[in-house]
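Only one structure is covered here, and it is reproduced in the block below.
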Amino acid sequence: MLSFILKRTGLALLVAFTVSFISFSLLFMSGDPAAALAGETASGEDIEAIRRIYGFDRPMLVQYGEWLFSALRGDFGESYYFKLPVAGLIAERLQVTMTLGVCGITFALLTAVPLGVAAAIRPNSIIDRAALFLSVAGQAMPSFWFGLILIVVFAIQLGMLPPSGADSWRHFILPTIVLGYYAMPAIMRLTRAGMLDTLNSDYIRTARAKGAGEGRVLFKHALRNAIIPVVSLAAVQMGFMLGGSIVVESVFALHGAGYLAWESIARNDLPTVQALILVFSMFYIVFTLLADVLNAWLDPRMRSA
Amino acid sequence: MKKLLRTTALAALAAGPAIADKADDTLAVAFTKELENVDSYFNSSREGVVLQRAVWDGLIYRDPETNEYVGNLATDWEWIDDTTLEFTLREDVTFHNGEPFTADDVVYTVNFVADEANGVKTQRNVNWMDSAEKVDDYTVRIKLKDKFPAAIEFFSGPVSMYPDEYYAEAGPSGMGLKPVGTGPYKVVDVTPGQRFVLEKYEDYHDSPKGQAQITNIDIRTIPDVNTQMAELFSGSLDFIWQVPADQAEKLAAMDRFTVVNASTMRVGYIQMDAAGRSGEDNPFTNKLVREAVNHAINRQELVDALLQGESAVIDTACFPSQFGCVQDVKSYEYDPEKARELLAEAGYPDGFSTEFYAYRDRPYAEAIVSYLNAIGIQTDFKMLQYSALRELNMDGVVPISFQTWGSYSINDASAMVSQYFKHGSLDSARDDQVLEWLNVADSSTDSDERIEYYTMALQRIADEAYWAPMFSYNTNYVFSREVEYQPTPDEVLRFVDMSWK
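Line by line, the protein sequences give chains A and B. Per the working numbering, the very first residue in the first sequence carries number 29; after that it's consecutive. Per the working numbering, the very first residue in the second sequence carries number -17; after that it's consecutive.
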């Protein structure tokens, strides 16, 4: 198990390095940070001055090397836009995104897995149809629209929850529902399909024939196997939520890392984007790694894979 | 179960909208954009200008109504020679941290921002200053690099005074997190990009800005306009601005809010490559083609149908309130027939195809394009990010584009016409005659002479149809009925002028 984890970690670091280099090159080619930095009111001459002062006129490899050297020492530089250390800026925004991501995936799993199991136990029943309806609706409904509907109902009409901001746990309820609901359909369908497959397999029939109770059959034998692909999916979804919660963060004015990434790209704020890409890719890598480990624990055959 | 219900009900009651209203003397305001840094020399956004005017003061103050200059941190000023200004400073001013305001602060601020190595983002606001020296504790001389009469306007606008000891220690990052100024409001809390809490400065000097009337201003960044409106409805916001025309119209129909539309200094225009930088054979090097473009667009219709509010058709390459922005220039009425004739005369009886670029306000740009199509100019429409279009413009590869310019709220024609017609990298006309006249207008200390030369330059720009000036922009302010405020035409939100009814 240890060598499995070490091998995967080494691979993960290589991936992170590659991602950082590719993203730096792409950002370098994508536009002029000096123009974005100087703002709309700047003249060509002002932009030239900014380019010179901030060193954007140097070759890409020199700039990347400098960035990498500092990053390895834990220094991600200063945001061009905020003129503040990137590390502190990201740490602050990540708190919001992590809270939202963890709450979102928990909400998704807590609703999707029981629904998926219930739907699989009674295919084509009312529960199954209701679950299908919920999942189709979840996928079809744009997050910003769903978010606004929740704001109108719960914040304006009922006055129960704050419409936006991140000052207390109550501020996270509506965004969690929106984000979680977005991740829920895929998990629900995968759970349902996995359960259906397993429930029809020979070993379940054997277990039942041996007189095992229905609860034991469902949760000990079937769910343990059916959940394996769900773990991998949830890990990917979690990574996606951290980077991709832009819309939710924007609607609820949460100022998380996703929104920061989106805005920083538009502002050509290279140090911030670079650091965020690294952080997000590390998240994907870590979650995938965790999923692999968890799967290896659930299904020992995977350890040799 | 009963207990659960009771807890839920209590939580629901406690969770009402955040208190921000007349009762606790807190005005809740929303910004749409994340402000980069409160230090006004290190941000280039409108929101930055708003905070700058609240937190800091300039040496001079321009009355937004009369456009007259009066002393603010300075009581008096005079030109010692063409490039030296001497200021006599007020003696009763203290910064928010208690530091007294003296000549040392002016000297430090000017020398810091004028030094290019310190990386001030808005270079054009400061790069005309050379240095400052102290004459005595309350007298200071500022040397300019060259003749620059608009200096007075800049000293009344973007050039604000910082505390020398504090700034030397804190630097731009520190100033961004804990701003210290002399202005009517002090900053009590900053969450970078997200929240700024201001509090009335009780020891504010006897400034022409007046004393703040509302004690607390709580500004939050809420990117989504719909969310802003929801907060306005729920009562957790009192003031929003830059509200799209259609939304403002709906809000105006309700009794709960005051909706005020005001002009801004932003001007929309079509820039054409008259200098042939994108190729000598490019049609826009032909004056007849440029005239055709000017005649092709029904600007009044655009203003009436799309921009609405206080927007107006513009004929000159500047904003009308700016000093030197004369209106006595050739104007081109909407006449598509004449436009077609001009195109035919220019050798394009069947029109031609061109790339057309824009970076904002897609609906306006698309409407303009449809007018051009109607006279036979077929366009390959390209909508780009602002910085990307800027780069192409600087490289001189853009034949025609829809652009806008806000002059950074500088009420002087040099902030617009001189920005684009003095052979800089964004000058698509490169007319030596215009350059010569603008050089005189920008550097003369005689107001009449300045106006005379701006007039000549602006008339020539219109005669040669280098641009097709389009319209001025407007913005909608929406606020609670409890709030009293009259917006000014320069799009600077002035908290100091706001009060409760």
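Cβ atoms here follow ideal geometry from the backbone N, Cα and C, with glycine treated the same way.
Three-state secondary structure assigned by DSSP to residue i
| i | result |
| --- | --- |
| W110(B) | coil |
| E283(B) | helix |
| P318(B) | helix |
| W95(A) | helix |
| Q195(B) | coil |
| R28(B) | helix |
| P82(B) | strand |
| L(-8)(B) | Low per-residue confidence applies at L(-8)(B): pLDDT is 36, beneath 50, and the placement is therefore not dependable, though the value from the model is reported in the following sentence. Three-state result, L(-8)(B): helix. |
| A194(A) | coil |
| P154(B) | helix |
| P471(B) | coil |
| E184(B) | coil |
| L214(B) | helix |
| N456(B) | strand |
| R493(B) | As shown, chain B starts at -17 and ends at 483. That puts residue 493(B) outside it, with no answer to give. |
| K269(B) | helix |
| F384(B) | strand |
| T298(B) | coil |
| L224(A) | helix |
| S254(B) | The amino acid occupying residue 254(B) in the given sequence is Met; Ser does not appear at that position. M254(B) falls in the strand class under three-state DSSP. |
| E73(B) | coil |
| G38(A) | helix |
| G406(B) | coil |
| A5(B) | coil |
| M365(B) | strand |
Given residue i as reference, the closest of the options once Cα atoms are compared
| i | options | result |
| --- | --- | --- |
| Y491(B) | N93(B), I134(B), V117(B) and L180(B) | Residue 491(B) lies beyond the stretch modelled for chain B, which goes from -17 to 483, so this question has no answer here. |
| T300(A) | F110(A), I201(A) and I155(A) | F110(A) |
| K127(B) | D64(B), T91(B) and P140(B) | D64(B) |
| E76(A) | E373(B), S293(B), R442(B) and Y402(B) | E373(B) |
| D343(B) | F453(B), D445(B), D362(B) and A321(B) | F453(B) |
| D39(B) | A10(B), T91(B), E16(B) and E68(B) | T91(B) |
| E277(A) | F84(A), D74(A) and I205(A) | I205(A) |
| E181(B) | L371(B), D200(B) and L354(B) | D200(B) |
| R463(B) | D220(B), A132(B) and A326(B) | D220(B) |
| D58(B) | H187(B), T121(B) and G358(B) | T121(B) |
| V88(B) | T66(B), V108(B), R123(B) and W61(B) | R123(B) |
| L326(A) | A140(A), V90(A), I232(A) and K248(A) | K248(A) |
Where residue i falls, given that 16 or more other Cβ within 10 Å makes a residue buried
| i | result |
| --- | --- |
| A99(B) | exposed |
| A158(A) | exposed |
| P151(A) | exposed |
| K(-15)(B) | Unreliable placement is indicated for K(-15)(B), whose pLDDT of 43 sits below 50; the coordinate value is still reported in the next sentence. Exposed, by the Cβ-count rule. |
| D428(B) | exposed |
| I296(B) | buried |
| L42(A) | exposed |
| Q265(A) | buried |
| A(-9)(B) | Per-residue confidence for A(-9)(B) stands at a pLDDT of 38, beneath the threshold of 50, marking its modelled position as unreliable; the derived number appears in the next sentence. Result: exposed. |
| L(-5)(B) | With a pLDDT of 37 at L(-5)(B), under the threshold of 50, the modelled position of that residue is not reliable, and the figure given next carries that caveat. Result: exposed. |
| Y210(A) | buried |
| L100(A) | exposed |
| G103(B) | The sequence given here has Lys at residue 103(B), not Gly. K103(B) comes out buried. |
Cβ pair residue i, residue j closer than 7 Å
| i | j | result |
| --- | --- | --- |
| S190(B) | V52(B) | For clarity, residue 190(B) is Pro in the given sequence; the question names Ser instead. Going by C-beta atoms, P190(B) is nearer than 7 Å to V52(B). |
| R202(B) | V474(B) | no |
| A64(A) | N296(A) | yes |
| T267(B) | F461(B) | no |
| S407(B) | G72(A) | yes |
| F254(A) | G222(A) | A small fix is needed here, since residue 254(A) is Ala in this sequence, not Phe. Result yes, Cβ atoms of A254(A) and G222(A) sit closer than 7 Å. |
| S273(A) | L128(A) | yes |
| I433(B) | G139(B) | no |
| A119(A) | F104(A) | no |
| W110(B) | F130(B) | yes |
| L189(A) | I201(A) | yes |
| V416(B) | F403(B) | yes |
| L270(B) | E327(B) | yes |
| F24(B) | P154(B) | yes |
Check: residue i C-beta below 6 Å from any heavy atom of the ligand GTP
| i | result |
| --- | --- |
| S192(A) | In terms of ligand content, the structure shown is empty, and the ligand GTP therefore cannot be addressed. |
Below 9 Å between beta carbons is the criterion; list the residues of the region 61 to 95 of chain A that meet it against any residue of chain B, in chain order. Near chain B, meaning a CB-to-CB distance below 9 Å, the residues of the region 61 to 95 of chain A are P61, A62, A63, A64, L65, A66, G67, E68, T69, A70, S71, G72, E73, D74, I75, E76, A77, I78, R80, I81 and Y82.
Using Cβ-Cβ distances below 9 Å, what residues of the region 167 to 187 of chain A are close to chain B? Flagged, chain order: F172, G175, L176, I179, V180, A183, I184, L186 and G187.
Give the residues from the region 401 to 412 of chain B that approach chain A closer than 7 Å (Cβ to any Cβ), ordered along the chain. Residues are counted here when their Cβ sits less than 7 Å from a Cβ of chain A; for the region 401 to 412 of chain B these are Q401, G406, S407 and L408, given in chain order.
Contact set between the region 254 to 271 of chain B and chain A, restricted to residues whose Cβ is under 9 Å from the partner: Hits within the stretch: zero.
Compile a chain-ordered list of the residues in the region 207 to 233 of chain B whose CB is closer than 8 Å to at least one CB of chain A. Shown in chain order are the members of the region 207 to 233 of chain B whose Cβ falls below 8 Å from a Cβ of chain A: N208, T209, A212, E213, F215, S216 and S218.
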